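For the sequence shown, this note's numbering begins at 145 and goes up steadily by one.
Report on the following structure.
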Amino acid sequence: MNKQTEAFLLEPDVGAGAVAPAAVPDRAEHIAAGAAPVIGVSRPHESAHLHVAGTATYTDDIPELAGTLHAALGMSARPHARIRSLGLDKVRAAPGVVAVLTAHDIPGVNDCGPILHDDPILARDTVQFVGQPMFLVIAASHDDARRAARLATVDYEDLPAVLTPEAAHAAASYVLPPMHLQRGEPDARLATAAHRDSGRIRLGGQEQFYLEGQIAYAVPKENDGMHVWCSTQHPTEMQHAVAHMLGWQAHQVLVECRRMGGGFGGKESQSALFACCAALAAWKLMCPVKLRPDRDDDMMITGKRHDFVFDYAVGHDDDGRIDAVSVEMVSRAGFSADLSGPVMTRAICHFDNAYWLPHVRIDGYCARTNTQSNTAFRGFGGPQGAFAMEYILDNIARTVGRDPLDVRLANLYGKTQRNVTPYGQTVEDNVLPELLDELVGSSEYHARREATRAFNAASPVLKKGIALTPVKFGISFNVAHFNQAGALVHVYNDGSVLVNHGGTEMGQGLNTKVAMVVAHELGIRLERVRVTATDTSKIANTSATAASTGSDLNGKAAQDAARQIREVAGRRLVVQWRAGAGVPAGAAGRLRRARGRRECRERALRRRSGGGRGASPGLCRAGAPRLCRARAAMVRRFLRDSQAALGPEQAARPPVLLLRLRCGVLRGAGGYADRRMAAAARRRAARRRPFAEPGHRYRAGGRRFHPGHGMADHRGTVVERRRQADDACAVDLQDSHRQRLPRGVQRQAVREPQRRGQHPPLQGRGGTAAAAAVLGVLRDPRRGRKPCRLSLQSAAVRTGHLRGHTRRGRRNAAGRRAMTADAPMIAMQDAPLKPFRFADVAAHVRAGTPAVLVTIVEVKGSAPREPGVRMLVTSDGLAGTIGGGHLEWRGMEIARAMLAAPGREPARRIVRIPLGPALGQCCGGVVKLAFESLGPPDLEWLDAVERAFASRAALVRTVPPQGPVSYRMEPDTAANAAAVTLHEDDTWTDGLVPDEMHVVLFGAGHVGQALIPVLGTLPCTVHWVDGRDTLFPSGLPANVVAEATDTAEAVVDQAPPGSYFLVMTHSHALDQALCERILRRTDFAYFGLIGSKTKRARFEHRMAEHGIDPARFASMTCPIGVSGITDKAPAMIAIAIVAQLLQVRDQRLAARRQGAGAAVA
């Protein structure tokens, strides 16, 4: 009020009828009058400059307030057990510890379940999965809290643990009642079908692996208030969970989230535990508390994507048309319900995918297992349901001998008939037939398929593949009232605008899109709009940022609020100008200036979205549980992974659309490829392994999918068909290098299921669009006709072949795969290389495991390995290596063909393999491999090998093409080492010798710990000695025996002749005593002492005083390891030591061979 009289007091009263309100200027008039367009123009991400500069503030970057403490969780080491006692005295006495809290300290409800109250924050009497939090440690630093949490003493009473969905289903153990959906008479139709097929499909889980882990920072406020900064997709859910845990009302808790480093569904409900624990500690201690678990702890506590088991039966006619199908879906829910119910609902409702199923029965079971409670993940059950149907259709195509595309086309939903889903919703505006026709033509599908067949016929190892798959996908939340949003828009004195909405930014550009919508609605520059952190005190009762609705709902809510401000400003301008017919031409600029007026700038309107303004329309009508408006299709050809996956919502900035479609393809490729996650039966104290893949080993989806090299033939087309209620317009992305898109696309639904291997775009049930995709597929020919794991890739044409990169000592992942035109992708799980040992061979034969022994019997020219090298191949495993690369791949292929057809393939055979262009290798030599199918008769010579090795003798075998194996023992191992002779009749003779090196390692310190993994892969035996048994890790290599003893000197006397001694204990006195004991022996092969030249000189002086002959000092190696390596890191020292051991071994072996040859001469 800087004026004596405000202008509005002198103006006629609009309400009195002096001047009638005129039409409010439309957005198009604003832009036509000179305002720069905002929507449809490429704009930088609102935080891009902060990300590049490293100044973007995530939760862990918030400056810590004075007195901030740090928390860590104490977790269960058992999958299912009663807690007899929980000893926390050592935890409380640990350095830096301020407090230790348990479930008894929670003042309110000990629960953080999003739907059912079955998910305790801290376990009280019973633990139900490995990694379940039992107590909370609060300390002065993050490291102090983590160290202290490991000191607890827990007495468990183990209970039966159920780890697989199959076991839970067999026991009828579920977290929710079973779900059923049926139409028609599936049982009767299955009984009369012309063809019937049945089977079981297993689909693994997947870790979200967001870049920013779970984190919460809680600060107590005055008058029983709590401010929680949390990395979450659902601030309102966190607000409710914290309030219930403290026994407070919701208005006492404020949850704020500026941005997340990724979520993918893993921060929708699972963030609640961390927010509650931080708030509990802050309330108890009345000081700020931060809880940031390490990545391994995060992965052990939080749930993953639900893995599924499908048992199906399908009946179809000679053309592949489905008449009836029955499927039983069992998901691994974990120990509590979490979001398993909605996930199963989506899986059931997406089982039909894009196909008409006249008679269908779907039964869904959420299995209760003693594992983490699985949770939301991209697609939220939809990809799992569609996965099963695509698998079934592939099998039908093989049964009837038709192109899988023809079978899919025969089963598509119709336009006016055959267009009702099993749950009763009509598929409207079905564009799939036209879209598929366009894709078949533009992708040259048939020509590529013929070219693929020709390539496969001429290539014995490398295979190509091609397939085309349609998809529809429902958009929106299962619960109707979640499909709404709110926004708050302020206009300040200087004309700048501040926006707050209920969505959360996780890198997907949601804030940027909302700002663009507001700027466009108000007709101002984007730079004038700022979006603030999501805050439950500004926008209440929000929905999660999920279900591909964030941009639509929050953008519409912000648009609604901005429209109201624009309407008020327009009416005031009409009054001011006394112009009743409307706003004069060119008024857009004056309108922007007028927003500085009091009546506009002080009008900050919040509009709760509803009545179609900020909510998804049409969801309340019967039979319409979901609505999708995304319509797109992309055809592309690519040979190399080139982009990384992005976050949850479809960009309003058009050039980002094609990029995100690409990323969805690549992530989907890895998502379905082979994500095997085995539930932990027990947590190891020294080496924690969340599932089978800790954070430093977990491979995110897409990493192992490399279909060739170089990008080529990249064509993209996004097709949008408008409906009366739609705002999106058609866009064309014909050339990724020359994109000029006129308008934006609202949501990211076009890439929703690609993250898990589905295809963009996805037609919602009752929505207006559908998508189809042509894609390349991989298949492992060793697995038989039907693949064991299906990969529905995204909407892309993929053709390409795999070129393996030869790598000695390791099987290259791409080099082991092949492609075919008739099967979807198979991606085998990489595994660490296991050393070859005859003891393991005998164990396999005794257990009845079919196995093939592969031996290099002859080498001419250059080759990766020498004669006498062996490899054991089973149906699902491998031990040893014959050189890696394509030679090894070819050997595995032949061996597994023998395993697959034991009666039709010969039990023994010799195969000549040139290492030239046929295998894509440049060695130039020729290798002959001997293959032996092992069975019970081979136990005779395998037992003889064990006896010979025990006496340090060699065993010489004579292996004929057929008949029993003859053998004899030879005392001189050196003369028979690797002596392999191939005879003209394909009989071969080979000498089997025991491990040459027997290593006695004293000391389990850093260098000792680094030595064991390396020695564990070598042909040796290791006796590892230390007086501190706590230093020995669990899971030692098979050739390592650990002994905790206080009389290490006695071990020296018991070691066999020819031993290799390594001394590196924690005590110089013990080192010296061991040196004296070893030097009194004269039959060892090597003796190394870790230390400097000064240490050696002092030891020599002392040992001479103790009566050791100085002439013996020359047999002691100190300093230890090969020369030339100056780095003193434990791993570097270990490599240098092992290199020296191998040098000594080879020198001794060469000398013995030379002596044996001279004796023969």
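Glycine is no exception: its CB is placed at the ideal position from the N, C-alpha and C atoms.
These numbers were taken from a predicted model, which means no experiment stands behind them.
In the pairwise beta carbon analysis, the segment 461 to 479 is classified as not touching the segment 590 to 608: fewer than three pairs are separated by under 8 Å. Taken through DSSP and simplified to helix, strand or coil, Asp-1134 comes out as strand.
Within the DSSP secondary-structure output, Pro-1108 pairs in no beta bridge.
For Leu-266, there is no enclosing alpha helix (DSSP H), as DSSP marks it with neither H nor E. With a 10 Å radius around the Cβ and a threshold of 16 neighbouring Cβ atoms, Asn-637 comes out exposed.
Membership of Asn-600 in the alpha helix (DSSP H) is indicated by the continuous run 589 to 602. In the three-state scheme derived from DSSP, where H, G and I count as helix and E and B as strand, Ala-210 is classed as coil. Between Val-662 and Ala-702 a beta carbon distance of about 5 Å is seen, short of the 8 Å cut, so the two are scored as contacting.
Here DSSP, grouped into helix, strand and coil, assigns Trp-427 to helix. Contact holds between the segment 295 to 302 and the segment 216 to 227, because three or more Cβ pairs, one in each stretch, are under 8 Å apart.
Counting the other Cβ atoms within 10 Å of the Cβ of Gln-276 gives 16 or more, which makes it buried. Apart from the 5 residues on each side of it in sequence, Pro-1108 sits with its Cβ closer than 7 Å to the Cβ of Pro-1081 in its chain, given in chain order. For the 9 Å CB-CB criterion, Glu-208 and Pro-364 do not form a contact. Pairing Leu-266 with Trp-373, the inter-Cα distance amounts to about 21 Å. In the structure shown, Ile-1156 adopts helical secondary structure according to DSSP, grouped into three states. Boundaries of the alpha helix (DSSP H) harbouring Val-1089: 1083 to 1094, taken from the DSSP string. In this chain, Asp-1227 is not harboured by any alpha helix (DSSP H), its DSSP state being neither H nor E. For Glu-582, the enclosing alpha helix (DSSP H) has its first and last residue at 576 to 586. Judged by DSSP in its simplified three-state form, Thr-648 adopts coil rather than helix or strand. When secondary structure is reduced to three states using DSSP, Leu-1214 falls in the helix class. Per the Cβ contact rule, the segment 300 to 318 is in contact with the segment 506 to 522 (3 or more Cβ pairs under 8 Å). By the 16-neighbour rule on beta-carbons within 10 angstroms, Lys-434 is buried. With a cutoff of 9 Å on beta-carbon distance, Lys-616 and Tyr-567 are scored as not near each other.
With respect to Cys-493, Met-389 sits apart: the two C-beta atoms are not nearer than 9 Å. The residues Ala-995, Leu-1078, Gly-1079, Pro-1080, Asp-1082, Leu-1083, Leu-1086, in chain order, have a CB closer than 8 Å to that of Val-989 in the same chain once the five nearest residues on each side in sequence are set aside. Per DSSP, the unbroken beta strand (DSSP E) holding Arg-512 starts and ends at 503 to 512.
Secondary-structure assignment with DSSP links Thr-570 through a beta bridge to Val-564. Between Val-658 and Ala-337, the alpha-carbon positions lie close to 53 Å from each other.
Following the DSSP letters along the chain, one finds Trp-373 inside the beta strand (DSSP E) bounded by residues 369 to 374. For Met-219, DSSP records a beta bridge to Pro-277.
By the neighbour-count criterion, in which 16 or more other beta carbons inside 10 Å mark a residue as buried, Gly-1005 falls on the exposed side. Val-298: not part of any alpha helix (DSSP H); member of the beta strand (DSSP E) spanning 297 to 302, first to last residue. Counting only unbroken stretches of 3 or more residues, the beta strand (DSSP E) elements lying wholly within the segment 624 to 671 are 630 to 635, 641 to 645, in sequence order. Residue His-1142 holds the alpha-carbon nearest to the alpha-carbon of Val-1288 among Thr-519, His-1142, Asp-679.
Here Ala-1074 is bridged, per DSSP, to Thr-999, Ile-1054. The straight-line gap separating the alpha-carbon atoms of Arg-1101 and Asp-1134 is approximately 5 Å.
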